[in-house]
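Engineer: Input: one structure, supplied below.
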Amino acid sequence: MKATGFISLWTLVSLPCGQLANPAEHEDVVKHAIKLHRGKGAVITQRKQWVLENCRKLSGLLRQKNVVLNKLKNAIKAVERDAGLSDDEKLFQVHTFEIFQKELNESENSVFQAIHGLQRALQGDYKDVVNMKESSRQRLEALREAAIKEEMEYVELLAAEKHQVEALKNMQHQNKSLSMLDEILEDVRKAADRLEEEIEEHAFDDNKSVRGVNFEAVLRVEEDEANSKRNASKREVEDDLGLSMLIDSQNNQYILTKPRDSTIPRADHHFIKDIVTIGMLSLPCGWLCTTIGLPTMFGYIICGVLLGPSGLNSIKSIVQVETLGEFGVFFTLFLVGLEFSPERLRKVWKISLQGPCYMTVLMIAFGLLWGHLLQIRPTQSVFISTCLSLSSTPLVSRFLAGSVRGDKEGDIDYSSVLLGMLVMQDVQLGLFIAVMPTLIQAGVSTYSSIFKEILRILILIGQILFSLAAVFLVCLVIKTYLIGPYYRKLHAESKGNKEILILGVTAFIFLMLMITELLDVSMELGCFLAGALISSQGHMVTEEIMSCIEPIRDFLAIIFFASIGLHVFPTFVIYELTVLLFLTLSVVIMKFVLAVLVLSLILPKTSQYIKWIVSAGLAQVSEFSFVLGSRARRAGIISREVYLLILSVTTLSLLLAPALWRAAIMKCVPRPERRSST
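Heads up: the sequence shown begins at 1 in the UniProt record's numbering, then just goes up one per residue.
Structure, rendered in structure tokens:
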């Protein structure tokens, strides 16, 4: 009975692949199959006749396919023995025959795969959703592999067609005399072909078998819709790769990063339009915030909100905009380091090291306590507490731009303490990113493996401390032997030409950035240390470099703050305004109180008055919580709802930061000395 059912299944699948081309005949087959399934079909003799007839058709096709394969093999042998053909021509003809062989074999494999797939589906339990999902996944994988094979075969056919055209041209050229210009152009054409073959990277073939590579179905969207209206040819559309966008089944959008033909320059017009739009809209937004007494950076954030997914949704290259905005952070921290000399860093290094560590430990302790009361997983509580313990270095750097650096002789000025603690928090950020995979594993680990996870975390902390020691050793060597001669050489070469000075300073920033990155420390710390090393050369050097780098920093900072606005969702804030305000005020007050408590314990008695200003500068959440939150959401540490809460609380805390900072400045800094960028 099973054999008869399998033969019937064979015939049902193989019949459309045979000689049936009539729609009416297809319909008859379907009706007959339904009758057989319901047990109301024809008599047994008719059933056997129907099965035998269609099995005969399929076996005939398979025999015909074997005959054709034998003929192709003989044809290949004949071509290889033909002395009248050149090696290139032999290679071309053999390759063409092999493509046809592959097509026949793949068609036969498709028939058998379809039969086995249908048999597996009929044997499955359709009340089991998991089984249905697994069957669907297997069919999807088979379709993806089939699509990839067909795409590769199509590419091979295009190459064969190109080879055939080239052979025809060569034959025509041999039959007629060419002018000198034609001969030159022919040589240039051959050289261009060789160039394309040399620079072409077979990225698809090289990576399709790499572990972790998945085949995905994507949609390709052309930006210029007018092409279709003008009935542009398919070749023109395929050549216009610079304007294409790919969209996968998860609604992720991709743009071209490296074209196949590197000889033709291409531009990402999406990215160009995005930067132009941000630059144009940031002016009125920044001017409006200045008019009402807010820092201009909030105008740039509003610009990102208006252009982002929650507004006009006109920004297409969100990832590229955020990447360019990161350079705004790099140059901002460089200028912070430029004003933060190593001597001042040496004066407050104990406070800078102890303060952030104590605050982070206290935040995690409070987070675990509230998590226990609210029945939140410990890993989730630790992550949220660590995110909220970080403060925004770029924001505070803008607050401190041009502000007073000291009040009394011998006292510790608040800017040194604040910047030192923020730099230490940036180091903690790098440490937390390094520990994050272990935190993910700890969320699913059993109690028997907790000791191993703790040991692994301690090893990671030891590695980070070793990396920090290596970084500061490199900085000591650079300060003692390299930075002085390097700057003097730059200054001598840049007389009358600031380009050399700007390029040299930028190269030094990127060098320090790469050093800290290679040593598994945050890139932001490298930029800060680059500024601190250059500031050791004296006040005149600092002023000269600052005048050159500040315009670059200002433009890139606009992009950075606009990229923050891309992740602000006003509708969500409005829907949950009461809850978000309560959470934001709780976080701000808690961070302020904890900072005051910690600074009261570690600051000298003569500098206790600065604890209010430093605490006000730390009482907000860093924009890097966006990055940490997105990684944690992808890893399953936090849910979508918690992620949106973190984004909203971070944004509202940044909006409240200027008011709290101004209040602290008004209270603690004497009136003649107040000078803040806020």
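All C-beta atoms, glycine included, are put in the ideal place defined by N, C-alpha and C.
Taking the Cβ atom as the reference point for each residue, do threonine 584 and leucine 652 lie within a distance shorter than 9 Å?
Structural biologist: For the purposes of this step, residue 584 is identified with residue 584 of the sequence shown, where counting begins at 1. For the purposes of this step, residue 652 is identified with residue 652 of the sequence shown, where counting begins at 1. Cβ atoms of threonine 584 and leucine 652: closer than 9 Å.
Engineer: To the nearest angstrom, how far is it from the Cα of leucine 72 to the Cα of valine 276?
Structural biologist: Stepping through the sequence shown from its first residue, residue 72 is reached at position 72. Stepping through the sequence shown from its first residue, residue 276 is reached at position 276. Roughly 59 Å between the two C-alpha positions.
Engineer: Taking 9 Å as the cut-off, decide whether the C-beta atoms of isoleucine 502 and leucine 338 are in contact.
Structural biologist: Counted from its first residue, the sequence shown places residue 502 at position 502. Counted from its first residue, the sequence shown places residue 338 at position 338. No.
Engineer: Under the DSSP definition of a beta bridge, which residues are partnered with aspartate 248?
Structural biologist: Looking up residue 248 in the sequence shown gives position 248. Val218, per the DSSP bridge assignment.
Engineer: Since tyrosine 254 is in the alpha helix (DSSP H), which residue starts that stretch and which ends it?
Structural biologist: By 1-based counting over the sequence shown, the position of residue 254 is 254. No alpha helix (DSSP H) holds tyrosine 254; the beta strand (DSSP E) holding it covers 253 to 255.
Engineer: For leucine 455, name the three-state secondary structure that DSSP assigns.
Structural biologist: On the sequence shown, residue 455 is found 455 positions in, with the first residue counted as 1. Helix.
Engineer: Pick helix, strand or coil for glutamate 339, following the three-state DSSP scheme.
Structural biologist: To locate residue 339, count along the sequence shown from 1; it is residue 339. The answer is coil: DSSP assigns glutamate 339 none of H, G, I, E or B.
Engineer: If you draw a straight line from the alpha carbon of lysine 57 to that of glycine 117, how long is it in whole angstroms?
Structural biologist: Translated into the one-based positions of the sequence shown, residue 57 becomes position 57. Translated into the one-based positions of the sequence shown, residue 117 becomes position 117. The alpha-carbon atoms of lysine 57 and glycine 117 are separated by roughly 21 Å.
Engineer: Measuring only the C-alpha atoms, how far is alanine 663 from leucine 490?
Structural biologist: In the sequence shown, the residue the question calls residue 663 occupies position 663. In the sequence shown, the residue the question calls residue 490 occupies position 490. Straight-line Cα distance between these residues: approximately 43 Å.
Engineer: Assign proline 485 to one of three DSSP states: helix, strand, or coil.
Structural biologist: Along the sequence shown, read from residue 1 onward, the residue named residue 485 stands at position 485. Looking at proline 485 - three-state DSSP - the assignment turns out to be helix.
Engineer: Compare the beta carbon distance of leucine 61 and glutamine 101 with 9 Å and say whether it is the shorter of the two.
Structural biologist: By 1-based counting over the sequence shown, the position of residue 61 is 61. By 1-based counting over the sequence shown, the position of residue 101 is 101. Contact: no.
Engineer: From alanine 657 to alanine 619, what does the alpha carbon distance come to, in whole angstroms?
Structural biologist: What you label residue 657 is simply residue 657 of the sequence shown in a count that begins at 1. What you label residue 619 is simply residue 619 of the sequence shown in a count that begins at 1. Their backbone Cα atoms lie some 7 Å apart in a straight line.
Engineer: Can you grab the Cα-Cα spacing for the pair leucine 395 / valine 587, in whole Å?
Structural biologist: Sequence index remark: in the sequence shown, residue 395 carries index 395 (1-based). Sequence index remark: in the sequence shown, residue 587 carries index 587 (1-based). The straight-line gap from Cα to Cα measures roughly 17 Å.
Engineer: Check this for me: beta carbons of isoleucine 483 and glutamine 537, under 9 Å apart or not?
Structural biologist: As a first step, residue 483 is located in the sequence shown; it is residue number 483 there, counting from the start. As a first step, residue 537 is located in the sequence shown; it is residue number 537 there, counting from the start. Yes, these two residues count as a Cβ contact at 9 Å.
Engineer: Using only CA atoms, which one of Asn105, Leu140, Asp128, Phe92 lies nearest to leucine 158?
Structural biologist: On the sequence shown, residue 158 is found 158 positions in, with the first residue counted as 1. Nearest C-alpha to leucine 158: Phe92.
Engineer: Figure out for me which residue from Pro295, Cys285, Thr323 has the closest Cα to the Cα of residue 710.
Structural biologist: The first residue shown for the chain is 1 and the last is 678, placing residue 710 beyond what the model contains.
Engineer: Exposed or buried, which one is glutamine 428 when buried takes at least 16 other CB atoms within 10 Å?
Structural biologist: The residue labelled residue 428 in the question sits at position 428 within the sequence shown. Buried, by the Cβ-count rule.
Engineer: Threshold first: 4 residues or longer. Then list the alpha helix (DSSP H) segments lying entirely within the stretch 480 to 551, N to C.
Structural biologist: Fully enclosed alpha helix (DSSP H) runs of 4 or longer: 483 to 493, 498 to 518, 523 to 535.
Engineer: Rounded to the nearest angstrom, what separates asparagine 252 and methionine 421 at their Cα positions?
Structural biologist: On the sequence shown, position 252 is the one that residue 252 refers to. On the sequence shown, position 421 is the one that residue 421 refers to. About 38 Å.
Engineer: Buried or exposed, going by whether 16 or more other CB atoms sit within 10 Å of the CB of asparagine 54?
Structural biologist: Looking up residue 54 in the sequence shown gives position 54. Its Cβ being crowded by 16 or more others within 10 Å, asparagine 54 is buried.
Engineer: Just to confirm my understanding: we take leucine 518, look at its own chain, exclude 5 residues before and 5 after, and list those with CB closer than 6 Å. What are they?
Structural biologist: On the sequence shown, position 518 is the one that residue 518 refers to. Result list for leucine 518: empty, nothing under 6 Å.
Engineer: If you drop the 5 nearest sequence neighbours on each side, which residues of the same chain put their C-beta closer than 6 Å to that of isoleucine 558?
Structural biologist: To locate residue 558, count along the sequence shown from 1; it is residue 558. Excluding sequence neighbours, isoleucine 558 sits near Ser282, Tyr300.
Engineer: Helix, strand or coil: which one does DSSP assign to valine 621?
Structural biologist: As a position in the sequence shown, residue 621 is number 621, starting the count at 1. Reduced to three states, the DSSP call for valine 621 is coil.
Engineer: Less than 9 Å separating the beta-carbons of arginine 631 and arginine 640?
Structural biologist: Stepping through the sequence shown from its first residue, residue 631 is reached at position 631. Stepping through the sequence shown from its first residue, residue 640 is reached at position 640. Not closer than 9 Å, so no.
Engineer: Whole angstroms is fine: what's the gap from methionine 514's alpha carbon to aspartate 274's?
Structural biologist: One-based indexing of the sequence shown puts residue 514 at position 514. One-based indexing of the sequence shown puts residue 274 at position 274. Going by the C-alpha atoms only, they are around 28 Å apart.
Engineer: What's the C-alpha gap between leucine 418 and isoleucine 574?
Structural biologist: Counted from its first residue, the sequence shown places residue 418 at position 418. Counted from its first residue, the sequence shown places residue 574 at position 574. Their Cα atoms are separated by approximately 33 Å.
Engineer: Tell me whether threonine 578 is buried or exposed, calling it buried when 16 or more other Cβ atoms sit within 10 Å of its Cβ.
Structural biologist: Here residue 578 refers to the residue found at position 578 when the sequence shown is read from its first residue. Answer is exposed; the Cβ neighbour count stays below 16.
Engineer: Roughly how many angstroms lie between the CA atoms of valine 237 and isoleucine 459, to the nearest whole one?
Structural biologist: Sequence index remark: in the sequence shown, residue 237 carries index 237 (1-based). Sequence index remark: in the sequence shown, residue 459 carries index 459 (1-based). Caution applies to valine 237, whose pLDDT of 43 falls short of 50 and renders its modelled position unreliable; the value that the coordinates give is listed next. Taking the straight line joining both Cα atoms gives about 54 Å.
Engineer: Excluding five sequence neighbours on each side, which residues of the same chain lie with their C-beta closer than 6 Å to the C-beta of methionine 512?
Structural biologist: Translated into the one-based positions of the sequence shown, residue 512 becomes position 512. Excluding residues within five positions, the ones whose Cβ falls inside 6 Å are Gly526, Leu529, Ala530.
Engineer: Grab me the residues of aspartate 426's own chain with a C-beta within less than 7 Å of its C-beta, minus the 5 sequence neighbours each way, in chain order.
Structural biologist: Taking the sequence shown and counting its residues from 1, the one referred to as residue 426 is at position 426. Contacts found: Thr393, Ser522, Glu524, Leu525.
Engineer: Rounded to whole angstroms, what's the CA-CA distance from isoleucine 638 to serine 381? Just pull it up for me.
Structural biologist: Along the sequence shown, read from residue 1 onward, the residue named residue 638 stands at position 638. Along the sequence shown, read from residue 1 onward, the residue named residue 381 stands at position 381. Those two C-alpha atoms are separated by around 9 Å.
Engineer: Counting along the chain, where does the alpha helix (DSSP H) carrying proline 309 start and finish?
Structural biologist: Within the sequence shown, residue 309 is the residue found at index 309, counting from 1. No alpha helix (DSSP H) holds proline 309; DSSP gives it neither H nor E.
Engineer: The alpha helix (DSSP H) spanning isoleucine 602 covers which residue range?
Structural biologist: Counting from one through the sequence shown, the residue named residue 602 turns up at place 602. Its alpha helix (DSSP H) spans residues 577 to 602.
Engineer: With DSSP as the reference, label glycine 293 as helix, strand or coil.
Structural biologist: Residue 293 sits at position 293 when you count from the first residue of the sequence shown. Note: glycine 293 maps to coil in three-state DSSP.
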